[in-house]
Amino acid sequence: MSQSHSSSSLGDRKNAPICLCGSTARLKVSNTSKNPRRPFLTCPNYNKEGKPYCNYFIWADFVEGNGSPLARPKTEFQQKDDELENREIEVTRRENEVQHALAEIHKANEEIHKAKEEIQKVKEDIQKKVLDLLNEREELQSQMIEINHARMLLCVYWGLSILISCILLRSRSIED
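Counting in our numbering, the sequence shown runs from 37 upward without gaps.
Here it is, written out as structure tokens:
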């Protein structure tokens with residue numbers, strides 16, 4: 037509560053409600069000018085220096101209309117407990133979903149890594165084959181150059197032999 041107040045404790049009641057931190061709630065009476073002599077239930081650790089408390093607070097006369105000052109706090113506690121349990125279930129479900137998604141991502145990453153390795157091997161094989169083909173091409177070009185050179189020489193030799201033969205034949209025909 038943000039307003040200042042004083043109270044006097046009425047002590048413990050039988051079947052007193054349990055506050056949100058698990059302690060037995062205490063029934064006290066307000067001595068403030070705004071709420072004089074109004075009973076309320078609160079955490080027993082409220083306003084004690086250094087002790088944690090759960091902010092449990094409810095006006096007892098508000099609950100007494102239901103027949104028991106304990107009825108509503110228990111119900112509220114049970115509702116909060118149920119809400120907490122539902123949230124825990126939801127958090128667990130979401131954690132499981134996240135774990136499942138992370139496992140799928142990990143599996144996909146492994147598959148991607150394997151695929152990259154296979155692609156790298158294929159790439160290396162292709163590069164090796166390309167180099168082999170380039171070397172073979174160079175060898176074939178060298179052989180073609182040699183063959184063309186040999187053909188040219190053969191043509192020159194044939195041409196010279198025909199020319200020499202013609203000259204010899206002509207010189208014999210002139211002598212006759």
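The beta carbon of each residue, even a glycine, is placed where N, CA and C say it ideally should be.
Worksheet item: For Asn91, which beta-bridge partners are listed by DSSP?
Response: Residue mapping note: residue 91 aligns to position 55 of the sequence shown, counting from 1. Bridge partners of Asn91: none, in fact.
**Message:** Please state whether the Cβ-Cβ distance between Thr60 and Pro80 is less than 8 Å.
**Reply:** Taking the sequence shown and counting its residues from 1, the one referred to as residue 60 is at position 24. Taking the sequence shown and counting its residues from 1, the one referred to as residue 80 is at position 44. Yes, they are a contact pair.
How long is the line joining the alpha carbons of Lys64 and Leu56, rounded to whole angstroms?
-> Taking the sequence shown and counting its residues from 1, the one referred to as residue 64 is at position 28. Taking the sequence shown and counting its residues from 1, the one referred to as residue 56 is at position 20. Their Cα atoms are separated by approximately 17 Å.
* Asked: Counting only beta-carbon atoms, is Ser178 nearer than 8 Å to chain E?
  -> This model lacks chain E altogether; it includes just one protein chain.
Cβ of Pro53 within 8 Å of Cβ of Phe93? Looking up residue 53 in the sequence shown gives position 17. Looking up residue 93 in the sequence shown gives position 57. For Pro53 and Phe93, no; Cβs fall outside 8 Å.
Taking the beta carbon of Thr32 as the centre, do at least 16 other beta carbons fall within 10 Å, making it buried, or is it exposed?
Since the displayed the chain opens at 37 and closes at 212, residue 32 lies outside it and no answer follows.
- For Ser66, which of helix, strand or coil comes out of DSSP? Position 30 of the sequence shown, counted from the first residue, corresponds to residue 66. Ser66 falls in the strand class under three-state DSSP.
| query | Quick one: Cα of Tyr193 to Cα of Asp168, how far? | reply | Translated into positions along the sequence shown, residue 193 becomes position 157. Translated into positions along the sequence shown, residue 168 becomes position 132. If I take the Cα positions, the gap works out to 37 Å.
Practice problem: For the beta strand (DSSP E) holding Leu77, just list the boundary residues, first then last. | Solution: Here residue 77 is taken as the residue at index 41 of the sequence shown, counted from 1. Run containing Leu77: 72-78, per the beta strand (DSSP E) assignment.
- Can you list, in chain order, the residues of its chain whose CB lies under 6 Å from that of Ala137, leaving out five sequence neighbours each side? In the sequence shown, the residue the question calls residue 137 occupies position 101. Cβ within range, chain order: n/a, list empty.
Kindly identify the DSSP beta-bridge partner or partners of Thr60.
Residue numbering aside, residue 60 sits at position 24 when the sequence shown is read from its first letter. For Thr60, which the question treats as bridged, DSSP gives the partners Ile54.
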